[in-house]
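Peer 1:
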Amino acid sequence: MLLDWGVYITKVDCSDETNDQLCWDYKVASYPTIMMFDCKQNAKENAYIDVTENYKSTLQSLREILAIFLLNQTNCPVKTHSSHVFSPAFLEELLHKGDRSLLLMILIGSSIDLGFLDALSLDFKGCNNIFMSFVDRNENNQELIFGFFPHPAVILIYPHHMMRIISNNLGDYIEIRNKLVLVIRKDQPRLSNSLPPLPSHMQKRLHEKMDTPLLPLGGIHMSDLVSAVSVTLREEIRFNKFDDSNREIIKNWLNIVQKCLYWNTKQNTTLNKLYKLVEFKSTSVSNKDWEKIILTAEALVSFPKSHIYTTCKGSKPQYRGYPCSMWLILHFMVVTCEKTKDQSEHPNSRDVLMMAADYMEQYFKCRSCGTKFSDEYKQKLNQIQSDEDAILFMWHFHNLLNARLRLEESTDPICPKIQFPSEIMC
Numbered sequence: 001m002l003l004d005w006g007v008y009i010t011k012v013d014c015s016d017e018t019n020d021q022l023c024w025d026y027k028v029a030s031y032p033t034i035m036m037f038d039c040k041q042n043a044k045e046n047a048y049i050d051v052t053e054n055y056k057s058t059l060q061s062l063r064e065i066l067a068i069f070l071l072n073q074t075n076c077p078v079k080t081h082s083s084h085v086f087s088p089a090f091l092e093e094l095l096h097k098g099d100r101s102l103l104l105m106i107l108i109g110s111s112i113d114l115g116f117l118d119a120l121s122l123d124f125k126g127c128n129n130i131f132m133s134f135v136d137r138n139e140n141n142q143e144l145i146f147g148f149f150p151h152p153a154v155i156l157i158y159p160h161h162m163m164r165i166i167s168n169n170l171g172d173y174i175e176i177r178n179k180l181v182l183v184i185r186k187d188q189p190r191l192s193n194s195l196p197p198l199p200s201h202m203q204k205r206l207h208e209k210m211d212t213p214l215l216p217l218g219g220i221h222m223s224d225l226v227s228a229v230s231v232t233l234r235e236e237i238r239f240n241k242f243d244d245s246n247r248e249i250i251k252n253w254l255n256i257v258q259k260c261l262y263w264n265t266k267q268n269t270t271l272n273k274l275y276k277l278v279e280f281k282s283t284s285v286s287n288k289d290w291e292k293i294i295l296t297a298e299a300l301v302s303f304p305k306s307h308i309y310t311t312c313k314g315s316k317p318q319y320r321g322y323p324c325s326m327w328l329i330l331h332f333m334v335v336t337c338e339k340t341k342d343q344s345e346h347p348n349s350r351d352v353l354m355m356a357a358d359y360m361e362q363y364f365k366c367r368s369c370g371t372k373f374s375d376e377y378k379q380k381l382n383q384i385q386s387d388e389d390a391i392l393f394m395w396h397f398h399n400l401l402n403a404r405l406r407l408e409e410s411t412d413p414i415c416p417k418i419q420f421p422s423e424i425m426c
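Okay, so the sequence shown: first residue is 1 according to UniProt numbering, each after it adds one.
#1: Considering only residues of the same chain and omitting the five flanking positions on each side of V335, which have a CB-CB separation below 7 Å?
#2: Within 10 angstroms of the Cβ of H160, are there 16 or more other Cβ atoms? Answer buried if so, exposed if not.
#3: Could you tell me if E361 is buried or exposed, where buried requires 16 or more neighbouring beta carbons within 10 angstroms of its beta carbon?
#4: Using CA coordinates, which residue listed in Q21, S284, H331, K179 is at the minimum distance from D244?
#5: Please go through the same chain and pick out, in chain order, the residues whose beta-carbon is closer than 8 Å to the beta-carbon of C337, but skip the five residues on each side of it.
#6: The alpha helix (DSSP H) spanning S133 covers which residue range?
#7: Are T270 and I249 close, meaning C-beta to C-beta below 9 Å?
#8: How far does the alpha helix (DSSP H) with L180 in it reach, from first residue to last?
#9: Would you decide whether residue 429 is buried or exposed? Buried here means 16 or more other CB atoms lie within 10 Å of its CB.
#10: DSSP three-state call for R164: helix, strand or coil?
#11: Beta-carbon within less than 7 Å of T411's beta-carbon, same chain only, minus the 5 sequence neighbours each way: which residues are those?
#12: Compute the Euclidean distance between the alpha carbons of Q318 and L70, then round it to the nearest angstrom.
#13: What ranges does the alpha helix (DSSP H) occupy inside the stretch 87-118, keeping only unbroken runs of at least 4 residues that lie completely in it?
#14: Here's the rule I'm using: 16 or more other beta-carbon atoms within 10 Å means buried, otherwise exposed. How should K11 be labelled?
#15: Checking the sheet assignment: what are the DSSP bridge partners for I155?
#16: Going by the beta-carbon positions, is the gap between Y26 and M36 smaller than 9 Å?
#17: Among the candidates E17, N287, D172, L104, whose CA atom is the shortest distance from the CA of C61?
#18: Leaving out five residues on either side along the sequence, give the residues of the same chain with a beta carbon under 8 Å from the beta carbon of N272.
#19: Got a sec? Which residues, its chain only, sit under 8 Å from W327 by beta carbon, not counting five neighbours each side?
#20: Where Y262 and L66 are concerned, what is the direct C-alpha to C-alpha distance, given to the nearest angstrom?
#21: Any idea what DSSP makes of K209, helix, strand or coil?
#22: How would you call T311, buried or exposed, if buried means at least 16 neighbouring beta carbons within 10 angstroms?
#23: Suppose the cutoff is 7 Å on Cβ atoms and the five residues either side in sequence are ignored; what does the same chain contact list for Y158 look like?
#24: Helix or strand or just coil, what does DSSP make of K417?
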């Protein structure tokens, strides 16, 4: 690896009397001593650094010190990718480039982690399609884009607004480096020839399932909305006892779901049948009445039993999924209805928020969560005087919840909680 960096290694036996003068010339007062020299300067003219104090530290520390020295303190800097200063504008430009093989590798950490990035930059210097940048995890604006990281992390950003978290802590350098090679080979085979070599024992893992899922960097996908509505219809409402006192809540929920989201013809037909059942049936509605509609072939096609999450896909089945997609629906509906408030048949955002709070309190799977949402809404009710207030309430409450949950065990460890909405989503 060091030879790939343009570094040559040799050793001198300072206990051998024949090397006394050499050790004197290079100011070696004791041994073992580790020194690094700039190849373009005379070493006797102090163009070197003594890293003896790091001798007993990890090999990783020595590697990072060498990378910093080579890139920042010598007269023979190697062309690398780590000089790109991160900014939202730089990210936006990369995401909208036509070349789908471009990758952005980001180290989210602090200044003491820059040696790690320099080492990665030297290792990947042969791949011109990889950009590298550093983001200070203590800056608030990084959470707007990537979410909260309690520890330094290495992530990959793809032009199609997706990302992989390669490591959520800076552990073993070689392991992270090899994992990067493995992931990039899998995702971008055309870059394989320009990547650093992969040890033979890693080759067998090339076609195995990766434990670093591809996650959305931002955006709302229809698959998430369909899956969330399917859960409300097939699980939350269907398996709760129908009560005439809750009939209005179900009717209002169906009304805002149908009018504030965008559905195809079959989906609209299913929602319309359910709405008419609750609205016009003269006698009490039963679970069997509901099932006669929701279990039809048309309804199964419109709102499938199996759920597909894109924005809300977690690293494991128990993470994210429905709760995340429900948040998307709530945000989406209050914004959409603000945009269409001049259409007489559409409820306004304040009405949407009220109807959603009623539904969450009575039917949301996590009953304590639904109650907290409803209680927070009732406490802020007098402050919600406009459609914009309703939108900001959703943001405020969502971010309060994310801030409280982001360090809990129920949070996906490789998909950090993010301030909503993210800068990319905006």
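Where is the CB? At the ideal position from N, CA and C, for every residue including glycine.
Peer 2: Short version:
#1: Residue 335 sits at position 335 when you count from the first residue of the sequence shown. I391.
#2: Sequence index remark: in the sequence shown, residue 160 carries index 160 (1-based). That one is exposed.
#3: In the sequence shown, the residue the question calls residue 361 occupies position 361. Classification of E361: buried, given that the 10 Å Cβ count is 16 or more.
#4: As a first step, residue 244 is located in the sequence shown; it is residue number 244 there, counting from the start. With distances taken between Cα atoms, D244 lies closest to S284.
#5: Translated into the one-based positions of the sequence shown, residue 337 becomes position 337. For C337, where only same-chain residues beyond five positions count, the Cβ hits under 8 Å are I256, K259, C260, H346, P347, N348, S349, D351, V352, D387.
#6: On the sequence shown, position 133 is the one that residue 133 refers to. Premise fails: S133 lies in the beta strand (DSSP E), 130-136, not in any alpha helix (DSSP H).
#7: As a position in the sequence shown, residue 270 is number 270, starting the count at 1. As a position in the sequence shown, residue 249 is number 249, starting the count at 1. In this structure, I249 does not lie closer than 9 Å to T270 by Cβ.
#8: Within the sequence shown, numbered from 1, the residue matching residue 180 stands at position 180. Here the alpha helix (DSSP H) through L180 covers 173-187.
#9: In the structure displayed, the chain extends from 1 to 426; residue 429 sits before or after that span and is not available.
#10: Taking the first residue of the sequence shown as position 1, residue 164 is located at position 164. R164 falls in the strand class under three-state DSSP.
#11: Counting from 1 along the sequence shown, the entry for residue 411 is found at position 411. Answer for T411: L405, K417, listed in chain order.
#12: For the purposes of this step, residue 318 is taken as the residue at position 318 of the sequence shown. For the purposes of this step, residue 70 is taken as the residue at position 70 of the sequence shown. Whole-angstrom Cα-Cα distance: 45 Å.
#13: 88-95
#14: Along the sequence shown, one-based indexing puts residue 11 at 11. So K11 counts as exposed.
#15: Position 155 of the sequence shown, counted from the start, is the residue given in the question as residue 155. Paired residues: I106, I165.
#16: One-based indexing of the sequence shown puts residue 26 at position 26. One-based indexing of the sequence shown puts residue 36 at position 36. Contact flag unset, no.
#17: Residue mapping note: residue 61 aligns to position 61 of the sequence shown, counting from 1. The amino acid occupying residue 61 in the given sequence is Ser; Cys does not appear at that position. Nearest C-alpha to S61: D172.
#18: The sequence position of residue 272 within the sequence shown is 272, counting from 1. Answer for N272: Q258, listed in chain order.
#19: Translated into the one-based positions of the sequence shown, residue 327 becomes position 327. Cβ neighbours of W327 within its own chain (closer than 8 Å, five residues either side excluded): H398, F420.
#20: Counted from its first residue, the sequence shown places residue 262 at position 262. Counted from its first residue, the sequence shown places residue 66 at position 66. Approximately 56 Å, taken between the alpha carbons.
#21: Residue mapping note: residue 209 aligns to position 209 of the sequence shown, counting from 1. For K209, the pLDDT reaches just 49, beneath the cut-off of 50, and the residue's location in the model is therefore unreliable, although a value from the coordinates is still provided. Coil, per DSSP.
#22: Reading the sequence shown from its first residue, position 311 is the one you call residue 311. By the 10 Å Cβ count, T311 comes out buried.
#23: Mapped onto the sequence shown, residue 158 falls at position 158. Result list for Y158: L103, in chain order.
#24: Here residue 417 corresponds to residue number 417 of the sequence shown, with the count starting at 1. Correct three-state label for K417: coil.
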